[in-house]
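In the numbering used here, the protein residues as written are 449 to 1323. Report on one structure; see the data block that follows.
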DNA sequence: GCACGCCTCCAGGAG
DNA sequence: GTCTCCTGGAGGCGTGCC
C-alpha cells in the first residue's frame, strides 16, 4: 500500500513539472489577416490554387491563384457571401433572447441545420450562428465561442473554413469566369476503367475514388519562383537580432527559376570598401550590383520580390524576411512599402507566397518518409550536401564582415542558389511533393511547409467532415466517450499505451535468411479493422462483441469509420497504383517520376496516420484507436510467428512488422503469405534475402550481408553519429572484411582479420597516433543550453566551454563536437591530442565491437590478447 | 570520504 | 509537437563500508 502511495505522489510531482515546461497556451488556430497587393481579374484561365487567406479590411476570404501560362499570381475575393460561423445546440429562439446574440450587431443571422453526429451515430439539430467577421466567432476574450455555453466548429481558422465549405482543393486548378471561381477538371491520361477495376473492392464509392484519383494523378505545373538570401553586418560571434535590426544589410542575393542571378552588395565607405576585391572567383553569369545607400538596396530587393509569385528562403521566417522588415522600418520605410507581413512565428508576403524551406525540411515526417533520412541535420549546408551534393562557400575561418564585396556577393549568392536548387533537383521534386501534399491534406502551400503531420491530417479530416455533413466533434466529445483505462500498460515508463513487439533475437550467425514483412502494417490495420475515432467503442450494443485482441475495445460492424476509409484509400492508391507504376519501365520517364512523387506524398501521409491518434494535440485524439492499432499489430505478428513455426519454419528475429526466417522454402513462404491474407487480412511480402545475418542478444541491433553483397547495419554503435570517426572507420573496415564472407568456412579467416584490425587500432589509440578530429564525438543539442536543468550531459559541458572560452553561442539544433579528456571534456575547437583520455576511447572501441563480436563468438579482451598486457609498458 | 548500485536523463536509432 | 521500443553513456543520489 505504501509503495502505491509513493508511486502516486511521484507521478503527481512529475505532472506538475511537466506543466511548468509547457509553453503558453495558444489558440489552436490563429486568425491571420493580410492585405494583399495583387491583381484581381474577372477572367483568368488555368490557375493553381496556392492558398486561401483572410483579408480583414474587405472581410472576405481570398484565393491566391497561380496562373500557369503567365506564371503570375492573382487574387480572387470571395463573392459567394460566405460568412464565418459556429454551431451551437441552443435552439434559435432561445439564442435570440441572449443579450450576447440579440445586442451583437456583428451577428449576421441564425439558421437551424442538422448534422450527422458520428460519435453517437445519429442526426443532431444545431443552430448555425453567422457573423460579420471571424473575431466575432473566436479569437477575442469576448468572442461568441467564449460566451456561449456550448459551441462546435468554432476553432477553425476562417480561411480554412471557407476552403472546406466550398470544397476547393489547394494545389489543383481553377479558372475565373465573370468574376466567379470555377474548377478546372483534372486531366488524366489513365484508362479510367482500369483504375475503376483496381479500386472496386474498397469501401469508398467509385465516384469519390475517381475524383481523388484524378486529383492525385494530374501533374503539377512549373512554379516560377525566386530564392533569396541576405547577409547582415555582424560583430564576431554574435548573431544579429532580427527584431532590433541594428546592423546594416550588406548583401541580398537572388536566384530565380527564370534564370535571374543577382547579388546586391552594400559598399561601406566607412570601412574602406572602395576596392571590391577579386572578380575571378565569381560565377560568370552572376550579376553583381553595388549600392552605397542601404535604403536603395532594400527598395530594389522589395521590388524584385514582388515580381515573383513564390519566394524561397532558408529560415526566412525567423531571420531573412523578419530582418528585412524591421530594418526597413528602421530606415524609415512605410509599412505599405514593405511586401512582408510578420506573424507570431512566420513571415508572409503581400505579393506572393513565402516558402521557408527550413520549416519544411525540419519536419520529421518529411525527413524520414520523403527523403529516407538522407540528411541528419537541419542546416542548409547539411541538407544541400546530402540531397544535391553542393555546399555553402567555405570561408576558411573568415568572418562575413571581413569579406571583400565580391567575396560577399559570392558567398551570399551561393546560399540563394542552393536554396533554390533544394526545390529544383530531381526535376523539381520538392515543388511537386509540396503540390501533392497540399492536395492530400487540403492545406495551402504556405501552411503546408510550416505545419506537421497532425495539422495535415486534421485539415483533411475537417474537409471530409464538411463534405459529408458530419459534425466536427470537439475534442471533449471524443474524450467523454472514449476515455477508458487502457488494457495493457506500456513497457516504457511515462508512455500512454503499449506499442509494438520486438522478438528477442537468437544470437549467432545465420546463413540464408529471408526477411518477410507486412506491407504498411499499421495503415492496413486501420483500414481492414475499421479503426477510427467514431468506430472504436461505438455506441451500438450489438458491436460490443467485436473485440480487438488483448484489449477491451470493440469496433463498429455497422458503419465504416472516416479515418479507416481515408487511410485505406490512400494506402491502396499507393500500393496498388502509384508505387508499381513508378517502377514500370514500360512507362515514360516523366510519368514514372510524377508517380514516384505521388507515392512518396501518400507514404508521408499514410505512415503518420496511426501516430496522431495517440497525440493529445491532435483534435481527433483517441487513445483507443492508437491502442487497438498497436494491439492488432502485436496479435498479427505473434500469430504469424506461431503459424510459421507450426509449419516448420525457424523464426530468428522480428520487430513490429517483420520476420527473419532461417532458410525457408518457397512453399512455406507462399503458404504463410496466403494464410496471413486469408486469416488476418494483411499483405505479407518477401522484403529481402540475406546471405547471412549476425545477431547479438540485443534487440534492434544486427548486421547482415544481402545476396548482392550489400551490407545492412541496424542500430549498431559503429554507425551512430555520436561514435567518434576513428571508431566508425575501424568499424567500417571490419564490415568490409565480413561482407566478403560467403560461407561458414570463410568465417574463420575473416575473424582473424578482424582481430588484427582491432589490435592495430588499439595501438594507434594508445600511442596517440591519431588526428584529433577523428576523436570528436558529435552530439546534437535538442534544446537550448539553459534548458538542461536536471543533469549536465557532456555535450552541454562542451557547449558551455565553447561559450566561456570562445564566446561562441550555441543553440538548439547545433551539433557539438567534443573529445573526452582526463578532466572531463573539451570542445574539438580547443582540444589538444595530449589531453585525450585514451582509456575512455578504448572503452568506446570495446562497446562498439562487443556488439558484433558477440555475434561472432569472439571475446574483445581475448582478441586484444597480449596487447592488453603490453599496455602496462606502453604508458 | 568513497565505492557501489540504482534510477533518471539524454541522445540516437528501428520500426 | 505522429507514436512506442531499445541501447548505451553519464549524471545524480542514497546506502553501506571503512
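The C-beta atom is built at its ideal place from N, Cα and C for all residues, glycine as well.
Across the set 1027, 1128, 1307 and 851, the C-alpha of 851 shows the shortest separation from the C-alpha of residue 724.
If you keep only unbroken beta strand (DSSP E) runs of at least 3 residues inside the region 788 to 825, you get 788 to 790, 795 to 797 and 801 to 804. The straight-line gap separating the alpha-carbon atoms of residue 585 and residue 633 is approximately 34 Å.
Residue environment for residue 843: exposed (fewer than 16 other C-beta atoms within 10 angstroms of its C-beta).
For residue 511, the pairing in a beta bridge is given by DSSP as 500 and 524. In the three-state reduction of the DSSP assignment, residue 965 falls in the strand class, which pools E and B. Spatial neighbours of residue 955 in its own chain (CB-CB distance under 8 Å, excluding positions within 5 residues in sequence) are listed in chain order as 1143, 1144, 1145, 1302 and 1303.
Residue burial is scored here from C-beta neighbours: residue 887 has at least 16 other C-beta atoms within 10 angstroms and is therefore classed as buried. Within the DSSP bridge table, the entry for residue 600 names 535 as partners. With a contact defined as Cβ atoms closer than 8 Å, residue 757 and residue 672 qualify at about 6 Å. Beta-carbon to beta-carbon, residue 978 and residue 1003 are separated by about 5 Å, close enough to satisfy the 8 Å threshold.
The Cβ-Cβ distance between residue 741 and residue 676 does not fall below 8 Å. Apart from the 5 residues on each side of it in sequence, residue 967 sits with its Cβ closer than 7 Å to the Cβ of 1023, 1131 and 1133 in its chain, given in chain order. Between the beta-carbon of residue 1138 and that of residue 1156 there is about 10 Å, and that puts the pair past the 8 Å contact cut.
Judged by DSSP in its simplified three-state form, residue 1021 adopts helix.
The alpha-carbon of residue 574 is positioned some 24 Å away from that of residue 1008.
Counting C-beta pairs with one atom in each stretch, the region 855 to 863 and the region 885 to 901 have fewer than three that are closer than 8 Å, which means they do not touch. Taking a contact to require three or more Cβ pairs closer than 8 Å, the region 611 to 623 and the region 582 to 597 do not qualify as touching.
One thing to note: residue 790 has its Cβ within 8 Å of the Cβ of residue 770. DSSP places residue 1007 outside both helix and strand once states are collapsed to three, so it counts as coil. Within a 10 Å sphere around the beta-carbon of residue 1079 sit 16 or more other beta-carbons, which makes this residue buried.
A buried status is given to residue 1112, since no fewer than 16 other beta-carbon atoms sit within 10 Å of its beta-carbon. Closest in C-alpha terms to residue 698, from the list 912, 591 and 857, comes 857. Check the Cα spacing between residue 959 and each of 846, 1189 and 532: the tightest is with 1189. Taking the Cα positions, residue 945 is about 11 Å away from residue 1063. Going by beta carbons, residue 1243 and residue 1227 fall inside the 8 Å limit. Going by beta carbons, residue 1161 and residue 1181 fall outside the 8 Å limit. In this structure residue 773 touches residue 795 by the C-beta definition: roughly 7 Å separates them, less than 8 Å. Counting only the Cα atoms, residue 812 lies some 31 Å from residue 1178. If you look at residue 762, you'll find it isn't in any alpha helix (DSSP H); DSSP assigns it neither H nor E. Distance between residue 981 and residue 855, taken at the CA atoms: about 58 Å. Annotation for residue 862: the continuous alpha helix (DSSP H) segment containing it runs 853 to 889.
Going by beta carbons, residue 1175 and residue 1166 fall inside the 8 Å limit. Residue range 697 to 704 is occupied by the beta strand (DSSP E) that includes residue 697. Where residue 659 is concerned, the enclosing alpha helix (DSSP H) starts and stops at 654 to 665. Taking one beta carbon from each stretch, the region 562 to 578 and the region 909 to 925 have 3 or more pairs nearer than 8 Å; the two touch.
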